[in-house]
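476 is the number that UniProt numbering gives the last residue of the sequence shown; the numbers go up by one with no jumps.
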Amino acid sequence: MTVLEMIDPATLTIDANVRADVQLDKAFLASIKEHGVIQPVVAHRGEDGGAHVLYGQRRTLAAVETKQSLIPVYVVDSLTEADRLAKQVVENDHRQALTDHDRAEAFHQLSLLGVSATQIARKTGAKKATVDSALKVRANDTATAALANGMTLEMAAVIEEFHGDEDAIVKLEQVADQNPQGFDHTAQRLRDDRTRAALIAEATAEVEAQGLTVVDEDVSYWDYKGAMARITDLRTSEGEPLTVEDADAAHIGWSYLGEVRVTYINTDWKAAGFTKPGAARSGKMTEEEKAERRTVIENNKAWDAATIVRIEFVQKLLKAKTTPKGALKFVAQSMGSHGYTVADGLSKHSGFAAELLGATDEYGALTAITSKATAKHETNVLAVVLAGFEKSLSRASWRNPSSTASHYLNQLAVWGYTLSDVETLITDHGNTETQETVNTETSSTNEAPTPGETFEDVRTGEEELIAEETGYADAS
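Spelled out as structure tokens, the structure:
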């Protein structure tokens, strides 16, 4: 049963509320002071007989602040604590969007009451993945503090992901504060570094278990002239190849293909009586050459991380309800200027296009997507074109910038993608003309569809022109 009562706001009790920061801005207080509380607060009678606010914490506090004597209150039958909190989340989001911190705190309170993540999602209308992420963040003090300090839930979840790695957390906090647009790239780079370190540590343990010494110097570089040599470069006194058993050390590195590489070595092959066919290497690397090598290594790592972030962005772009602005024009211009790349998207990388659209890379996947009655044809065409461009990129792209790579990356930037530093080596080197510039320059002509036009719009326009021409011929 619900009863409308006029109650002194100072006598209302406000229990635990999902909103951590109650924002009583000047405009809101001025409105309450002048007009009073128009939308009734909702409360229930507690065991003490007092009215406890269910919904309307801000209105109640503003009424007290502006010294309102009475405000309208709907007094309802008591709700369970879990339902009360869940309904507050929904109500507060409708009235004034909750912060990620507020929402995480609400989910946490619900979980403490024994409500499962699935039930929380159902009660509040949140996605299950969001609830899971919020609960993980709330269970970690560092991530919770980051969330309270203004990080988004997604950023705080990354902080939780790197729990225990203080250096990584410091770096993430700095990026979040100084360059939030680059946060995803930094996070992925840290993930890659962590994975690489774990694999190298595993390989190191295996090598040491064989009784071999792990050396830091990579003898495979052209300028190495020390006493060590790879066993693959050595021969016995009889000219026979060496085996792993002839090694007494190993170098553990990271290959160009992104895999752990173990190089087995003999640390003093001359003393061991082995021979090394071919001329000895001579000359030392200059400091410039050493610096260039370090740059290549760092940029290759940065490129690997950026590739993951970039593909994730493209997948999200294609999941949107509508194709991005200017998509049709981008497809048309790509066909005209980068036809081989577009063709590769269909002939060589249709499986990857299906992956970008959320399916798996297998035979017939793209056919299944495009043949659906609900298929989004513009999006599917765009996915094929983007697949061709994405697959045209590699680690060599930043060292040899091309107009094709620049065209692709600049368009992604127009659609909201944040280019990493290594990707800007391509866009800064090549054609930096963005799709927005092209749109502006061609907007006065009728030769291409306007930005945002769909294939359906083009087809409709053609039909209208045909009808007009037919009508004109009949009138003549």
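Just so it is clear, CB atoms sit at the ideal spot from N, CA and C, and this is done for glycine as well. All figures in this text were calculated on a predicted structure; none of them were measured in a lab.
Between N380 and T370, is the Cβ-Cβ spacing less than 8 Å? Within the sequence shown, residue 380 is the residue found at index 380, counting from 1. Within the sequence shown, residue 370 is the residue found at index 370, counting from 1. It is a contact, given that the beta carbons lie within the stated cut-off.
I'd like the span of the beta strand (DSSP E) that includes R45, first residue to last. Your numbering for residue 45 matches position 45 in the sequence shown. Per DSSP, R45 belongs to the beta strand (DSSP E) from 41-45.
According to DSSP, H163 sits in a beta bridge with which residue or residues? Mapped onto the sequence shown, residue 163 falls at position 163. BP columns for H163 are empty, so no partner.
Test item: CB-CB of V260 and A203 under 8 Å: Within the sequence shown, numbered from 1, the residue matching residue 260 stands at position 260. Within the sequence shown, numbered from 1, the residue matching residue 203 stands at position 203. Yes, Cβ-Cβ distance for V260 and A203 is below 8 Å.
Considering only their Cβ atoms, is the gap separating G388 from G351 smaller than 8 Å? Position 351 of the sequence shown, counted from the first residue, corresponds to residue 351. Position 388 of the sequence shown, counted from the first residue, corresponds to residue 388. Between G351 and G388, the C-beta spacing is not below 8 Å.
Under three-state DSSP, which class holds H52? For the purposes of this step, residue 52 is taken as residue 52 along the sequence shown, with counting starting at 1. H52 sits in a strand when the DSSP states are folded into three classes.
Please report the Cβ distance between V37 and R59, rounded to the nearest whole angstrom; I am assuming they are in contact, meaning their Cβ atoms lie under 8 Å. Translated into the one-based positions of the sequence shown, residue 37 becomes position 37. Translated into the one-based positions of the sequence shown, residue 59 becomes position 59. By a beta-carbon distance limit of 8 Å, V37 contacts R59. Their separation comes to about 5 Å.
Continuous alpha helix (DSSP H) stretch holding M335: start and end: For the purposes of this step, residue 335 is taken as the residue at position 335 of the sequence shown. M335 -> alpha helix (DSSP H) spans 327-337.
Would you mind giving the Cβ-Cβ distance between N140 and H163, rounded to the nearest angstrom? I have them listed as a contact below 8 Å. The count along the sequence shown starts at 1 and reaches residue 140 at position 140. The count along the sequence shown starts at 1 and reaches residue 163 at position 163. In this structure, N140 and H163 form a Cβ contact; the two beta carbons are roughly 6 Å apart against a cut-off of 8 Å.
Would you check if there are 3 or more beta carbon pairs closer than 8 Å linking the segment 215-233 to the segment 246-264? Judged by Cβ distances under 8 Å, the segment 215-233 makes contact with the segment 246-264, as three or more pairs qualify.
With C-beta atoms as the reference, is H108 less than 8 Å away from L135? Your numbering for residue 108 matches position 108 in the sequence shown. Your numbering for residue 135 matches position 135 in the sequence shown. Contact flag set, yes.
Please report the residue range of the alpha helix (DSSP H) in which A201 lies. As a working mapping, residue 201 is identified with position 201 in the sequence shown. 183-209 is the span of the alpha helix (DSSP H), which, as asked, contains A201.
Comparing alpha-carbon positions, which option in Y224, A10, G182, A129 lies nearest K309? On the sequence shown, position 309 is the one that residue 309 refers to. Here the sequence assigns Val to residue 309, which means Lys is not the residue at that position. Of the residues Y224, A10, G182, A129, the one whose Cα lies closest to the Cα of V309 is G182.
According to DSSP, which residues form a beta bridge with R235? By one-based count along the sequence shown, residue 235 stands at place 235. R235 pairs with P241, T275.
Would you report the Cα separation of L386 and L356, rounded to the nearest angstrom? Translated into positions along the sequence shown, residue 386 becomes position 386. Translated into positions along the sequence shown, residue 356 becomes position 356. One C-alpha to the other measures close to 9 Å.
For G326, is the classification buried or exposed, using 16 other Cβ atoms within 10 angstroms of its Cβ as the cut-off for buried? As a first step, residue 326 must be located in the sequence shown, where it is residue number 326. Counting every other CB atom within 10 Å of its CB across the protein chains shown gives G326 a total of 16 or more, marking it as buried.
Check whether V384 and A353 have beta carbons under 8 Å apart: Mapped onto the sequence shown, residue 384 falls at position 384. Mapped onto the sequence shown, residue 353 falls at position 353. A353 is positioned such that its CB atom lies closer than 8 Å to that of V384.
8 Å Cβ cutoff met for T13 and H52: Position 13 of the sequence shown, counted from the first residue, corresponds to residue 13. Position 52 of the sequence shown, counted from the first residue, corresponds to residue 52. Cβ distance < 8 Å, so T13 and H52 count as in contact.
Cβ contact check for the segment 185-192 and the segment 286-298: 3 or more pairs under 8 Å: Touching, no, given that fewer than three Cβ pairs across the two stretches are closer than 8 Å.
Which residue's Cα is closest to the Cα of L29: V175, S337, D8, V64? Counting from 1 along the sequence shown, the entry for residue 29 is found at position 29. Closest by alpha carbon: V64.
Could you tell me which of F274, E240, R235, S220 sits nearest to V262, measuring between CA atoms? For this step, residue 262 is matched to residue 262 along the sequence shown. Measuring from the Cα of V262, the nearest candidate turns out to be S220.
Could you tell me the boundaries of the beta strand (DSSP E) in which A249 lies? For the purposes of this step, residue 249 is taken as residue 249 along the sequence shown, with counting starting at 1. Residue range 249-254 is occupied by the beta strand (DSSP E) that includes A249.
Inspect the CB distances between the segment 164-172 and the segment 116-123 and report whether three or more fall short of 8 Å. Output reads no: the segment 116-123 does not touch the segment 164-172.
Compare the C-alpha of F313 against each of E289, T418, G239, P241 and name the closest. Here residue 313 refers to the residue found at position 313 of the sequence shown. Checked all of E289, T418, G239, P241; the closest Cα to F313 is T418.
Residue range of the alpha helix (DSSP H) that Y408 falls in? Translated into the one-based positions of the sequence shown, residue 408 becomes position 408. Y408 -> alpha helix (DSSP H) spans 403-414.
To the nearest whole angstrom, what separates the beta carbons of T195 and R235, a pair I think is in contact under 8 Å? Taking the sequence shown and counting its residues from 1, one reaches residue 195 at position 195. Taking the sequence shown and counting its residues from 1, one reaches residue 235 at position 235. Rounded to the nearest angstrom, the Cβ distance from T195 to R235 is 37 Å, too far for a contact under 8 Å.
Would you report the Cα separation of S347 and G358, rounded to the nearest angstrom? Numbered from 1 along the sequence shown, position 347 holds the residue referred to as residue 347. Numbered from 1 along the sequence shown, position 358 holds the residue referred to as residue 358. Approximately 19 Å, taken between the alpha carbons.
Are the CB atoms of M228 and I265 within a distance shorter than 8 Å? Your numbering for residue 265 matches position 265 in the sequence shown. Your numbering for residue 228 matches position 228 in the sequence shown. Their beta carbons are under 8 Å apart, which means I265 touches M228 by this criterion.
DSSP state of R230 mapped onto helix, strand, coil: For the purposes of this step, residue 230 is taken as the residue at position 230 of the sequence shown. In the structure shown, R230 sits in a strand (DSSP, three-state: E or B).
What is the DSSP secondary structure of residue 507, reduced to helix, strand or coil? Past the edges of the chain, shown from 1 to 476, lies residue 507, and the structure says nothing about it.
Helix, strand or coil at A29 [DSSP, three-state]: Position 29 of the sequence shown, counted from the start, is the residue given in the question as residue 29. Position check: residue 29 holds Leu in this sequence, whereas Ala was assumed. Note: L29 maps to helix in three-state DSSP.
Which whole-angstrom value describes the C-beta separation of L70 and M6, a residue pair presumed to lie in contact below a C-beta threshold of 8 Å? Start at 1 with the first residue of the sequence shown, and residue 70 comes out as number 70. Start at 1 with the first residue of the sequence shown, and residue 6 comes out as number 6. Contact flag correct, Cβ pair sits at about 4 Å.
Quick check on the burial criterion: 16 or more other C-beta atoms within 10 angstroms. Buried or exposed for T286? Stepping through the sequence shown from its first residue, residue 286 is reached at position 286. The residue in question, T286, is exposed, as its Cβ has fewer than 16 Cβ neighbours within 10 Å.
Less than 6 Å between C-beta atoms, sequence neighbours within five positions excluded: which residues of the same chain meet that for R138? The residue given as residue 138 occupies position 138 in the sequence shown. Within the same chain, R138 has close Cβ partners A104, H108, T144.
According to DSSP, residues forming a beta bridge with V215: Numbered from 1 along the sequence shown, position 215 holds the residue referred to as residue 215. As a beta-bridge residue in DSSP terms, V215 pairs with H251.
Residues of its chain near D304, where Cβ-Cβ distance is below 7 Å and the 5 sequence neighbours each way are ignored: Residue mapping note: residue 304 aligns to position 304 of the sequence shown, counting from 1. The beta carbon of D304 sits closer than 7 Å to those of D192, G258, all from its chain and outside the five residues before and after it, given in chain order.
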